[in-house]
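In this note's numbering, the protein residues as written are -1 to 256.
Where a beta carbon is used, it is the ideal one built from N, C-alpha and C, also for glycine.
Treat the numbers as computed from the prediction; the structure is a model and nothing was measured.
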Amino acid sequence: MSVKFEKETIKTTGIDLPSGKHHHEGLAHEVGEALTRGGGPSGYLAAYLKQLQENPLRTKMLTSGTLAGLQEFLASWIAKDRSKHGHYFTSRVPKMAIYGAFISAPLGHLLISILQKVFRGRTSLKAKILQILVSNLIISPIQNVVYLTSMAIIAGARTFHQVRATVRAGFMPVMKVSWITSPICLAFAQKFLPEHTWVPFFNLVGFIIGTYINSHTKKKRLAALRRKHYGDSRDPRDSRGSTVRPSGPVDDYDRRGY
């Protein structure tokens, strides 16, 4: 009996002494659950997907608006592009959020729904390739024209000729980015994602790419202003923290390839 007692004691004690590896794995699991509430029916991701199925357009509008506004803020912060008051939260942030919620999301919802309806039930390789071609040759151009038009208006364009000049200057660069990223994203969505998650997935990819392009564009514009007005060694903001802004609307907007 004493031998049995000793074995049981050792076994119980072994459970109470965590190894370093298991401790770190347990900590990572706890952090993941704290961020997502786990993968159960009450988790954040499960709740979001449920809302996406029950209220698809509203959920997409909230998602797209949040990501568009956050993208503008992050790009300004990364590029150190402040407003005339020295803030990164410029007037473009709420404007981009409005664009994302009320223009980008409804348009994407409509176009992707049509694309999915046309190819519903067609799972052959030929059908998937055709779906990618239709997306790149019809849907992407429509979305990019609407995007560039909206960005021109946000940047200050008020006449038809200003908007047209902005669209003509930015269309092909944006389309080239779309033609590189869109086939990869759509092929991934076809293989791994349910149809109701496509638009938020595309929004997330666009957010990552757009933040990079937006911040890079802002850095280039600030560098050009530095060379033009102050020389390479000076910051383009004066002693009061204001930022010199170019006068033309074409130079003031960011271009996003999605």
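Taking every protein chain shown into account, the CB of residue 212 has 16 or more other CB atoms within 10 angstroms, so this residue is buried. The three-state reading of DSSP puts residue 155 in coil, since its state is none of H, G, I, E or B. Exposed is the label assigned to residue 121, since fewer than 16 other Cβ atoms lie within 10 Å of its Cβ. Cβ-Cβ separation between residue 198 and residue 130: approximately 19 Å, too far for a contact (criterion under 8 Å). The beta carbon of residue 205 is closer than 7 Å to those of 65, 69 in its chain, skipping five residues each way along the sequence. The way I'd put it, the stretch 206 to 225 doesn't touch the stretch 148 to 168; fewer than three beta-carbon pairs between them come closer than 8 Å.
In the DSSP annotation of this structure, the continuous segment of the alpha helix (DSSP H) that includes residue 52 starts and ends at 42 to 52. For the pair residue 112 and residue 186, the Cα-to-Cα distance works out to about 19 Å. Inter-residue distance for residue 107 and residue 58 is about 8 Å (C-alpha atoms, whole angstroms). Residue 97: member of the alpha helix (DSSP H) spanning 90 to 97, first to last residue.
Following the DSSP letters along the chain, one finds residue 208 inside the alpha helix (DSSP H) bounded by residues 196 to 223. For residue 86, the secondary structure class from DSSP, reduced to helix, strand or coil, is coil.
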